[in-house]
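S.K.: Here my numbering is used: the first residue of the sequence shown is -4, the next is one more, and so on.
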Amino acid sequence: MSVNSAEQAPLLEVVLTKRGRTKISYAAELLSDDGTRIVVRAPFAGEAVRDFGFVRFEPGDVFTEFYWRDRWYAVMEVRDPAGTLKGWYCDIARPATLTDGRLVVEDLDLDLWRSADGTDVRRLDEDEFAESGITRSDPEAAASAVAALEELEDLVRGGGFDDLLR
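#1: By the 10 Å Cβ neighbour count, where 16 or more other Cβ atoms means buried, how is K81 classified, buried or exposed?
#2: Just mark L144 as buried or exposed, buried being the case when its beta carbon has 16 or more other beta carbons within 10 Å.
#3: Alpha carbon to alpha carbon, what distance is there between E60 and R74?
#4: Within the chosen definition, does the region 4 to 12 reach the region 89 to 101 through at least 3 CB pairs nearer than 8 Å?
#5: For W83, which beta-bridge partners are listed by DSSP?
#6: In whole angstroms, give me the CA-to-CA distance for V35 and V50.
#7: Which residue wins for smallest C-alpha separation from L182, given the options P134, T130, G96, A88?
#8: Per DSSP, what kind of secondary structure is L144 in: helix, strand or coil?
#9: Using CA coordinates, which residue listed in R66, F39, E53, A43 is at the minimum distance from M31?
#10: Note the first and the last residue of the continuous beta strand (DSSP E) segment covering D28.
#11: Quick one: Cα of P54 to Cα of T17, how far?
#12: Please say whether A140 and L105 have beta carbons closer to each other than 8 Å?
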């Protein structure tokens, strides 16, 4: 399903969970759903600036978010209110589920950042992943998460990342 720009995009509730608890939920416009990949757009859901040192997420920023039902990651394109690209924040997560207007994604603590110009690529939160205990509690999920991070980093550094988002 693709939404015509002249039509009002339907709203979904995006629910990000972590270790069985809701971390954040927010409304997002459904841009497309081809049965495998779901694309939504939403304003920055935080109330305060999130300064990571290498990028700031601020009220007014717009996130175009790409989720897959068959991949262990999600990619968020981040733009400022004027439309200038800041970069892509990639969450390693279990494959997304969409049921009754709720898009649910389970965050697995690993993240990847790619700046708009592609010169800054960095892995994030590997310490949180190690401390989460997932390698003991769910070794298969842990292995899938690590493989997804490797795959994404290869796409970002070696090409193919843009094709992923088309």
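For glycine and all other residues, C-beta sits at the position ideal for the given N, C-alpha and C. For clarity, every value in this text was computed on a predicted model and none was experimentally measured.
M.R.: Per the coordinate set shown:
#1: buried
#2: buried
#3: 11 Å
#4: yes
#5: E72, R109
#6: 21 Å
#7: The first residue shown for the chain is -4 and the last is 161, placing residue 182 beyond what the model contains.
#8: helix
#9: What sits at residue 31 in the sequence shown is Thr, not Met. Among R66, F39, E53, A43, the Cα nearest to that of T31 belongs to R66.
#10: 16 to 28
#11: 21 Å
#12: yes
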